[in-house]
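In terms of full-length UniProt numbering, the sequence shown opens at residue 1 and continues consecutively. The C-beta atom is built at its ideal place from N, Cα and C for all residues, glycine as well.
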Amino acid sequence: MEDPTASAALAEAVRRVASIALVHETLSNQSGDFVEFDSVLDQIVKNAISLTPRQIKFEKLGEFGAFDSKVATALSLVVAELIHNALEHGLADSGDLLQVEVKNQGKSYTVSVVDNGAGLPADFNIEQSANLGLQIANTLTKNELAGEINLSSNGKQTVAVVSFTAN
């Protein structure tokens with residue numbers, strides 16, 4: 001493909017399909033209808049970091065545990081989009097740390113994707129963002145996870161926080 005825009009769009013589509021396929025592959029290798037999400041996250045991060053030309057350190061704090069396949073599929077896409085966004089925009093030219101932190105209290109989860117890269121524009125608003133990946137993450141968080149997503153930047157790090165309740 002000679003058109004760089006078309007090539008980039010195709011690569012994005014392939015990455016998204018791969019995230020869904022990863023959940024379904026994991027589900028097919030396990031008994032029951034639940035997916036051990038920590039192994040899915042590890043693979044998402046491994047795949048994403050392998051595509052970036054920069055040396056990035058990754059830290060995972062906390063454990064997800066198992067989710068039903070519907071939650072796991074939506075969450076894998078949301079987290080993959082946030083990680084990809086951090087690598088492509090936040091850590092493209094500066095910074096070297098990507099962190100995913102999960103906190104849960106019972107069935108309530110808070111997932112944070114943090115990078116120490118470029119940061120967000122001062123007037124950034126996810127609801128008005130033209131970034132397709134963030135639109136997908138926002139829509140899936142609200143519609144599939146019945147949760148909330150917020151992005152903030154303080155000059156030292158950018159934090160994307162997804163909060164939801166799993167069944």
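When the alpha-carbon of I49 is set against those of S163, D115, A122, the nearest one is in D115. The region 47-61 makes no contact with the region 118-132; the number of CB pairs closer than 8 Å stays below 3. N150 sits in a strand when the DSSP states are folded into three classes. Inclusion of A160 and L98 in the CB contact set at 8 Å is not warranted, their separation being larger than that value. DSSP places K156 in the coil class of the three-state scheme, outside both helix and strand. In the three-state DSSP reduction, S94 falls in the coil class, being neither helix nor strand. For L132 against V79, the beta-carbon gap comes to about 16 Å, at or over 8 Å, which does not count as contact. Within the same chain, and ignoring the five residues on either side of Q157 in sequence, the residues whose Cβ sits closer than 7 Å to its Cβ are V114, D115, N116. With contacts defined by Cβ atoms closer than 8 Å, A74 and L145 form a contacting pair. L82: member of the alpha helix (DSSP H) spanning 69-85, first to last residue.
Its chain contains Q99 as the residues whose beta carbon lies nearer than 6 Å to that of E59, once the 5 sequence neighbours on both sides are disregarded; these appear in chain order. The straight-line gap separating the alpha-carbon atoms of H89 and S163 is approximately 22 Å. For D42, no beta strand (DSSP E) segment is defined; the enclosing uninterrupted segment is the alpha helix (DSSP H) at 37-50. Its Cα nearest to that of L61, the residue S112 stands out among T165, N167, H84, S112.
A check of alpha carbon separations from E63 across E148, N150, S152, S108 identifies S108 as the nearest. In this structure, A166 lies near V71, with their beta-carbon atoms less than 8 Å apart. Around the beta carbon of T141, 16 or more other beta carbons lie within 10 angstroms, which makes this residue buried. With respect to the C-alpha of G155, the residue from I126, E101, S94, A137 having the closest C-alpha is S94.
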